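**Student:**
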Amino acid sequence: MRTLIKNARVIDPASGHDAPGDLWLEDGKVLEITPAGARAAQKNDAVIDAAGAVVAPGLVDLHVHLREPGEEYKETIASGTRAAAAGGVTSVACMPNTHPPIDNLATVEMVLSKAKQQGVVNVYPIACITKGRKGEELAEMGELQAAGVKAVSDDGEPVASPMLMRSALQYAGMLDLLVINHAEEKSLTGNGVAHAGFMAAKLGLSGVPRSGLEIMIARDLLLAEETGCRLHIPHVSTAGAVRMIREAKARGVKVTAETAPHYLALTDECLATYDTNVRVNPPVPEASDQAALIAGLQDGTLDAIATDHAPHSRREKEMEFALAAPGISGLETSLSLVLTTLVATGKMSLLEALRRMTANPAAILKIPKGTLAPGADADVVIFNPEAERVIQAKEFVSQSNNTPFDQWQVKGRVLATLVAGQVVFFDPAFEGKIRKV
Amino acid sequence: MGLQRKDLLSLEELSAEEILLILDTALSFKEVVQRPIKKVPALRGKTVVNLFFENSTRTRTSFELAAKRLSADVVNFTASASSLAKGETLLDTVRNIEAMNVHTIIMRHSCSGSVRLVAESIKASVVNAGDGTHEHPTQGLLDMFTIRECKGSLAGLTVTLVGDITHSRVARSNIHGLVKLGAKVRIVGPATLVPRSFTRLGVEVHTNLEEAIQDADVINILRIQLERQDGKYFPSSREYANLYGVNARRLKLAKPDVLIMHPGPMNRGIEISPRVADGPHSVILNQVTNGVAVRMALLYLLSGGGNGDENIN
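Chains A and B are the protein sequences, given in the same order.
For the first sequence, counting from 1, position 277 maps to 277 in the numbering used here; every step adds exactly one.
So the numbering used here is basically just the index in the second sequence, starting at one, shifted up by 1000.
1) Just to confirm before moving on: does the CB-CB distance between residue 12 of chain A and residue 372 of chain A stay below 9 Å?
2) For a quick check, are the C-beta atoms of residue 181 of chain A and residue 153 of chain A less than 9 Å apart?
3) Just to make sure I have the definition right: I need the residues of chain A whose C-beta is within less than 8 Å of the C-beta of residue 1111 of chain B. Which are they?
4) Taking 9 Å as the threshold (C-beta atoms), are residue 1164 of chain B and residue 1193 of chain B in contact?
5) Pick helix, strand or coil for residue 425 of chain A, following the three-state DSSP scheme.
6) Ends of the beta strand (DSSP E) at residue 23 of chain A?
7) For residue 22 of chain A, collect the residues of the same chain with a Cβ closer than 8 Å to its Cβ; drop the 5 residues on either side in sequence, then sort them by chain order.
8) Determine the contact status of residue 192 of chain A and residue 206 of chain A, defining contact as a CB-CB distance below 9 Å.
9) Short of 7 Å Cβ to Cβ, which residues in the region 1083-1108 of chain B face chain A?
10) In chain A, which residues lie with their C-beta within 7 Å of the C-beta of residue 1197 of chain B?
11) Which residue wins for smallest C-alpha separation from residue 353 of chain A, given the options A:258, A:420, A:208?
12) Quick check on residue 307 of chain A - is its C-beta less than 9 Å from some C-beta in chain B?
13) Assuming contact is defined by CB atoms lying nearer than 9 Å, are residue 63 of chain A and residue 260 of chain A in contact in what I supplied?
14) So which residues of chain B does residue 205 of chain A contact, with C-beta pairs closer than 7 Å?
15) Could you name the residues of the same chain whose beta carbon sits closer than 7 Å to that of residue 269 of chain A, not counting the 5 residues immediately before and after it, in chain order?
16) With residue 374 of chain A and residue 30 of chain A assumed to form a contact (beta carbons below 8 Å), what rounded beta-carbon distance in angstroms separates them?
17) If I follow the unbroken alpha helix (DSSP H) through residue 1109 of chain B, where does it start and stop?
18) Whose C-beta lies closer than 8 Å to the C-beta of residue 1019 of chain B among residues of the same chain, with five residues either side of it excluded?
19) Going by DSSP in three states, residue 220 of chain A sits in which element: helix, strand or coil?
20) Could you tell me how far apart the beta carbons of residue 1138 of chain B and residue 1298 of chain B are, in whole angstroms, since I believe they sit closer than 8 Å?
21) Whole alpha helix (DSSP H) runs in the region 1206-1241 of chain B with 4 or more residues, listed along the chain?
22) Checking the sheet assignment: what are the DSSP bridge partners for residue 258 of chain A?
23) At the level of alpha carbons, what is the spacing between residue 1209 of chain B and residue 1232 of chain B?
24) How many Å lie between residue 364 of chain A and residue 254 of chain A at the Cα?
25) Using a Cβ-Cβ distance cut-off of 9 Å, determine whether residue 1006 of chain B contacts chain A.
26) Taking Cβ to Cβ, would you say residue 358 of chain A is nearer than 9 Å to residue 119 of chain A?
27) Consider the Cβ of residue 1206 of chain B: report whether some Cβ of chain A lies at a distance smaller than 9 Å.
28) Measure the C-alpha to C-alpha separation of residue 1070 of chain B and residue 1133 of chain B and round it to an integer number of angstroms.
29) Could you name the residues that DSSP lists as bridge partners for residue 207 of chain A?
30) For the region 1040-1091 of chain B, list the beta strand (DSSP E) runs that are entirely contained and at least 3 residues long, ordered along the chain.
31) Which residues in chain B sit within 7 Å of residue 274 of chain A, going by Cβ to Cβ distance?
32) Cα separation between residue 1309 of chain B and residue 1300 of chain B?
33) Indicate whether the contact test is met: 3 or more Cβ pairs, each with one atom in the region 170-186 of chain A and one in the region 217-234 of chain A, closer than 8 Å.
34) Give the range of the alpha helix (DSSP H) segment to which residue 7 of chain A is assigned.
35) Span of the beta strand (DSSP E) holding residue 1130 of chain B?
36) Determine, using beta carbons only, whether residue 962 of chain B comes closer than 9 Å to chain A.
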């Protein structure tokens, strides 16, 4: 079966392609990109008219919480992957802070099997670095890797012991598993709930000093440099972290890093109303940090943009600020926030912004995704980058709608999302554009 | 005009005019509480709930007396004993209380911003009686009332706040209120407990007590919390007393008619020497007396008083 997506602006960051044209898919794979109208659709070809829209590889989000198993009242593999599809995301790496944690073969297989049966996008479970995320003993990484795991992380729990972290880098490195360490020195971050700046001080909120995050990043960079092993730093939020990663990369340290859309869109001024939807860990930074994050994305210090999609129910958010659960449901707003904060402002080209949401995260995870190269899996997003829309949290596909961006006017609307050539999401207004000839 | 707002959450949100309205109204109530019969009918038929999620004796009693002297019905609700233990959320608790048709909720809670969360979620009037380390606006108001009573005006006075500013809701309310009324505010304490960024609130930040109380008109001494005396913020209460204790010798650096204030309860011998606490400059008990009048004024204004020509007598 063949599908033609026609009249689009086809962008494939992996090859640097950005031109008007048609994208052909066949049997779940990319066939080729042709100039617009170069070839007519045949009988039985499905045709999607993407006039005025961008066609790009489906987004790859390497930091997502699907909450299953254990917290299915917040999100499930079924609901989380549908939220991903609605956001144009076709591959997610899901974090192991589940109950039980993903530190054993049975749980990995359960997630993979549920994803296959009930999910609509590709799911790559991230397993734990240590058994039970306790930071005491390494998880059985060899077996986990054989089951399909690409990366390990004790998400939310830093590997506190430098010895164990060094060992984890070496052991995971031997297996070519990516190590993602939640960078936080808990004796400094303590019970902090907001960036330790003027706003937190004024509001009487316990502060997280930048050093509480950066000390751990500095340590991990030293260990990655010494061992020569790959390290990925999640949710970078401070200027100092960007500077250290930049310097480490210049020395040849095998480090990659991500930041999240909310750090590009919010500063700590938004704390003023104590809206628990802005409570997120690490906390939203100051404007000077935000500028450094953007510079880091521009010069490639920060490789990827990942949501840290962290759905929480109202029960966890209709709370005192300090007691509310940290996290933002981000899958359905990430593309729009990137388009609004980076592309529409001229800080990054659309192609470069998309590179940080497709080819780069795929390369970090070493998965064959994020490209429209012939033969690649036909995972595609079709979106209108100029469309203005107002974010409606209550209409989220995700089971949770904890977002600080409700009612924000943003750019960008996902029209359709395809996984392996199958339409897994479409905007109702776009339905008429999808048809068989 | 009365106070055109449903709640009192902070002094940051009040204008100088609103603060002066409350302080002026409190003058009339101070006269009321000095009468043999200290009761007016302003809040007759209204229900005030003291909703305290944190222990308090003096603030709760002060609010209770204020409400009773306005003829309101007062219910004291100590939350820790009831709802929280059963897994109910804060909003569950307050919605249940509101469903009993109360007019005003006076709330104290250990989390900053929690009183605002409640105020935004219910129709009843909400008064912040201290939220975490954020604000304690009625303490700020009664401190300003007391200074004004002694000095006539706040404009141009130098007021020094001494102690753990970082964790003090009293300090934040004092800073916002005093700066709005034209006082010069200095804050002083160990560097570990004084946010330097507060210069952005228009105050001077000090770590040397002698410098900070030089020529001060008012010294407001904050209580050092015993739970912070674990050697992490400062070495010991003995060293704290050495560096930051306000004693008679240091008092000579201030203006001769300096006022000594303390929101209580005092640690005599730590942040304040007994001689200073009980000496001629101390207006600490006046603060307590004035607290009732200020809270009466506030409850009266929030319930719509002051809008017409009604007479509090």
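Ideal Cβ placement from N, Cα and C applies to all residues, glycine included.
Quick caveat, the model's predicted, so the values are computed rather than measured.
**Tutor:** In this structure, then:
1) Stepping through the first sequence from its first residue, residue 12 of chain A is reached at position 12. Stepping through the first sequence from its first residue, residue 372 of chain A is reached at position 372. Less than 9 Å separates the beta-carbon of residue 12 of chain A from that of residue 372 of chain A.
2) Here residue 181 of chain A refers to the residue found at position 181 when the first sequence is read from its first residue. Here residue 153 of chain A refers to the residue found at position 153 when the first sequence is read from its first residue. For residue 181 of chain A and residue 153 of chain A, yes; Cβs fall inside 9 Å.
3) Numbered from its first residue, the second sequence carries residue 1111 of chain B at position 111. Counting only Cβ-Cβ distances below 8 Å, residue 1111 of chain B has contacts in chain A at 320, 321, 322, 323, in chain order.
4) Looking up residue 1193 of chain B in the second sequence gives position 193. Looking up residue 1164 of chain B in the second sequence gives position 164. For residue 1193 of chain B and residue 1164 of chain B, yes; Cβs fall inside 9 Å.
5) Locating residue 425 of chain A in the first sequence gives position 425, where the first residue counts as 1. Judged by DSSP in its simplified three-state form, residue 425 of chain A adopts strand.
6) Counting from 1 along the first sequence, the entry for residue 23 of chain A is found at position 23. Note, residue 23 of chain A: beta strand (DSSP E), 17-26.
7) As a working note, residue 22 of chain A is residue 22 in the first sequence. Same-chain partners within the cutoff: 4, 5, 6, 7, 8, 10, 33, 34, 35, 36, 37, 38, 39.
8) Within the first sequence, residue 192 of chain A is the residue found at index 192, counting from 1. Within the first sequence, residue 206 of chain A is the residue found at index 206, counting from 1. Contact flag set, yes.
9) From the region 1083-1108 of chain B, only 1089, 1090, 1091 have a Cβ closer than 7 Å to chain A.
10) Within the second sequence, numbered from 1, the residue matching residue 1197 of chain B stands at position 197. The contacting residues are 197, 198, 201.
11) Counted from its first residue, the first sequence places residue 353 of chain A at position 353. When only C-alpha atoms are compared, the closest one is A:258.
12) Start at 1 with the first residue of the first sequence, and residue 307 of chain A comes out as number 307. Judged by the 9 Å Cβ criterion, residue 307 of chain A is not in contact with chain B.
13) The sequence position of residue 63 of chain A within the first sequence is 63, counting from 1. The sequence position of residue 260 of chain A within the first sequence is 260, counting from 1. Result yes, Cβ atoms of residue 63 of chain A and residue 260 of chain A sit closer than 9 Å.
14) As a working note, residue 205 of chain A is residue 205 in the first sequence. At a C-beta separation below 7 Å, residue 205 of chain A has these neighbours in chain B: 1112.
15) The residue labelled residue 269 of chain A in the question sits at position 269 within the first sequence. Excluding positions up to five away in sequence, the list reads 199.
16) Mapped onto the first sequence, residue 374 of chain A falls at position 374. Mapped onto the first sequence, residue 30 of chain A falls at position 30. Residue 374 of chain A to residue 30 of chain A, Cβ: 6 Å. Contact.
17) Locating residue 1109 of chain B in the second sequence gives position 109, where the first residue counts as 1. Here residue 1109 of chain B belongs to no alpha helix (DSSP H); instead the beta strand (DSSP E) covers 1104-1109.
18) Your numbering for residue 1019 of chain B matches position 19 in the second sequence. Excluding its 5 nearest sequence neighbours in each direction, residue 1019 of chain B has C-beta neighbours in its own chain below 8 Å: 1011, 1141, 1144, 1177, 1180, 1181, listed in chain order.
19) Sequence index remark: in the first sequence, residue 220 of chain A carries index 220 (1-based). Look at residue 220 of chain A here: in three-state DSSP terms it is helix.
20) By one-based count along the second sequence, residue 1138 of chain B stands at place 138. By one-based count along the second sequence, residue 1298 of chain B stands at place 298. Correct: roughly 6 Å between the Cβ atoms.
21) Runs of the alpha helix (DSSP H) inside the region 1206-1241 of chain B: 1209-1213.
22) Translated into the one-based positions of the first sequence, residue 258 of chain A becomes position 258. The secondary-structure analysis by DSSP pairs residue 258 of chain A across a beta bridge with A:304.
23) Looking up residue 1209 of chain B in the second sequence gives position 209. Looking up residue 1232 of chain B in the second sequence gives position 232. The straight-line gap separating the alpha-carbon atoms of residue 1209 of chain B and residue 1232 of chain B is approximately 20 Å.
24) Taking the first sequence and counting its residues from 1, the one referred to as residue 364 of chain A is at position 364. Taking the first sequence and counting its residues from 1, the one referred to as residue 254 of chain A is at position 254. Their Cα atoms are separated by approximately 11 Å.
25) In the second sequence, counting from the first residue as 1, residue 1006 of chain B sits at position 6. So no, residue 1006 of chain B is outside the interface.
26) Position 358 of the first sequence, counting from 1, holds the residue named residue 358 of chain A. Position 119 of the first sequence, counting from 1, holds the residue named residue 119 of chain A. No, the pair does not count as a contact, with Cβ atoms beyond the cut-off.
27) Here residue 1206 of chain B refers to the residue found at position 206 when the second sequence is read from its first residue. No Cβ of chain A is located within less than 9 Å of the beta carbon of residue 1206 of chain B.
28) Numbered from 1 along the second sequence, position 70 holds the residue referred to as residue 1070 of chain B. Numbered from 1 along the second sequence, position 133 holds the residue referred to as residue 1133 of chain B. The alpha-carbon atoms of residue 1070 of chain B and residue 1133 of chain B are separated by roughly 30 Å.
29) Here residue 207 of chain A refers to the residue found at position 207 when the first sequence is read from its first residue. A:194.
30) Fully enclosed beta strand (DSSP E) runs of 3 or longer: 1047-1052, 1073-1078.
31) Residue numbering aside, residue 274 of chain A sits at position 274 when the first sequence is read from its first letter. Under the 7 Å cutoff, chain B gives 1113, 1116, 1117.
32) Stepping through the second sequence from its first residue, residue 1309 of chain B is reached at position 309. Stepping through the second sequence from its first residue, residue 1300 of chain B is reached at position 300. Confidence at residue 1309 of chain B is low in this model, with a pLDDT of 49, below 50, so the placement of that residue should be treated as unreliable; the coordinate-derived value is given next. Whole-angstrom Cα-Cα distance: 13 Å.
33) Output reads yes: the region 217-234 of chain A touches the region 170-186 of chain A.
34) Position 7 of the first sequence holds residue 7 of chain A. Looking at the DSSP string, residue 7 of chain A is not in any alpha helix (DSSP H); the run it does join, the beta strand (DSSP E), is 2-12.
35) To locate residue 1130 of chain B, count along the second sequence from 1; it is residue 130. It spans 1125-1131 - the beta strand (DSSP E) in which residue 1130 of chain B sits, taken as one unbroken run.
36) In the structure displayed, chain B extends from 1001 to 1313; residue 962 of chain B sits before or after that span and is not available.
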